[in-house]
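Engineer: Read the sequence shown against this note's numbering and you will find it ends at 180, with the numbers running on by one and no gaps.
Handing you this structure, nothing more for now.
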Amino acid sequence: MSRRTRCLALAGLLILLVGCDQASKNYATTHLQHTAHDPIAFFGDTFKITYAENPGAFLSLFANLSKPVRTALLTVLNGLMLGVFTILLLFRSGWDKVSFTAIALLLAGGIGNLIDRIWQGGVVIDFMVIDFGELTGINWLRTGIFNVADIAITAGFLMLLPQLLRKEPEPQAAPAQTAT
Numbered sequence: 001m002s003r004r005t006r007c008l009a010l011a012g013l014l015i016l017l018v019g020c021d022q023a024s025k026n027y028a029t030t031h032l033q034h035t036a037h038d039p040i041a042f043f044g045d046t047f048k049i050t051y052a053e054n055p056g057a058f059l060s061l062f063a064n065l066s067k068p069v070r071t072a073l074l075t076v077l078n079g080l081m082l083g084v085f086t087i088l089l090l091f092r093s094g095w096d097k098v099s100f101t102a103i104a105l106l107l108a109g110g111i112g113n114l115i116d117r118i119w120q121g122g123v124v125i126d127f128m129v130i131d132f133g134e135l136t137g138i139n140w141l142r143t144g145i146f147n148v149a150d151i152a153i154t155a156g157f158l159m160l161l162p163q164l165l166r167k168e169p170e171p172q173a174a175p176a177q178t179a180t
């Protein structure tokens, strides 16, 4: 991909995903706060809308840390990492389409959640839950509360997973030379 193509693709993906994420979170904040105590269920209880403000990361990881430490870790460090992702996507050549798209999805989701942390006082707005417990009979089989940015992050990670798990072929040793 040329640099121009990468820039246009990245800009389009960021506008679409960050825009959808922020619009859905704005709607949730404005219209769905009552669902924190009274979730809206669809398809039985498989999909639920339930408003939450998450001070931590994935599954409330780091939520128990002090606010200054959370800010340093989840806002400042996260912002720096997103900056590195942006620079890599724009200036590194040789991306295959899957890797580029996966990193761009991680970037878009990260930006969406970073915007929340900055504008929502250190929390991320979450509002969706998928619960497969009734369908499968396995009561613990449900997601944490998530948002559109989390979907992008998960999709990007799942796209990268085969590459992360793939073993590099072992270099073959040169055949031994015999003296003649």
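Built from N, CA and C at the ideal position, the CB exists for glycine as well.
1) Work out the CA separation of THR143 and THR75 for me, nearest whole Å.
2) Just how far apart, CA to CA, sit GLY112 and GLN22?
3) The alpha helix (DSSP H) that contains THR193, what's its start and end?
4) Note down the Cα distance separating LYS67 from GLN120, rounded to an integer number of angstroms.
5) GLU53 and VAL129 - do their beta-carbons sit closer together than 7 angstroms?
6) From the DSSP secondary-structure annotation, give me the bridge partner or partners of LYS167.
7) Could you check what DSSP says for ASP131 in three-state terms: helix, strand or coil?
8) Suppose you measure from the CA of THR101 to the CA of LEU88; what does that come to, to the nearest Å?
9) May I have the straight-line CA-CA distance separating GLY110 from THR71, to the nearest angstrom?
10) Measuring CB atoms only, is the region 126-141 touching the region 35-51, in the sense that at least three cross pairs come out at less than 8 angstroms?
11) Figure out for me which residue from LEU165, PRO162, ALA152, LEU141 has the closest Cα to the Cα of ASP45.
12) Could you check which residue in PHE47, LEU16, HIS31, LEU10 has the C-alpha nearest to that of LEU135?
13) Could you give the distance in angstroms between the alpha-carbon of GLY83 and the alpha-carbon of TYR27?
Structural biologist: This is what the structure holds:
1) Along the sequence shown, one-based indexing puts residue 75 at 75. Along the sequence shown, one-based indexing puts residue 143 at 143. For THR75 and THR143, the distance between alpha carbons rounds to 24 angstroms.
2) Position 112 of the sequence shown holds residue 112. Position 22 of the sequence shown holds residue 22. When rounded, the distance between both Cα atoms is 7 angstroms.
3) No statement about residue 193 is possible, as the shown extent of the chain runs from 1 to 180 and does not include it.
4) As a working note, residue 67 is residue 67 in the sequence shown. As a working note, residue 120 is residue 120 in the sequence shown. Taking the straight line from one Cα to the other gives about 13 angstroms.
5) In the sequence shown, residue 129 corresponds to position 129, counting from 1. In the sequence shown, residue 53 corresponds to position 53, counting from 1. Not a contact, by the Cβ cut-off of 7 angstroms.
6) Within the sequence shown, residue 167 is the residue found at index 167, counting from 1. Paired residue(s): none; LYS167 is not in a bridge.
7) Position 131 of the sequence shown, counted from the start, is the residue given in the question as residue 131. Correct three-state label for ASP131: strand.
8) For the purposes of this step, residue 101 is taken as the residue at position 101 of the sequence shown. For the purposes of this step, residue 88 is taken as the residue at position 88 of the sequence shown. The alpha-carbon atoms of THR101 and LEU88 are separated by roughly 12 angstroms.
9) Walking along the sequence shown from the start, residue 110 turns up at place 110. Walking along the sequence shown from the start, residue 71 turns up at place 71. Their backbone Cα atoms lie some 15 angstroms apart in a straight line.
10) yes
11) Within the sequence shown, residue 45 is the residue found at index 45, counting from 1. Nearest of LEU165, PRO162, ALA152, LEU141 to ASP45, Cα basis: LEU141.
12) Counting from 1 along the sequence shown, the entry for residue 135 is found at position 135. Measuring from the Cα of LEU135, the nearest candidate turns out to be PHE47.
13) The sequence position of residue 83 within the sequence shown is 83, counting from 1. The sequence position of residue 27 within the sequence shown is 27, counting from 1. In a straight line, the C-alpha of GLY83 is about 28 angstroms away from that of TYR27.
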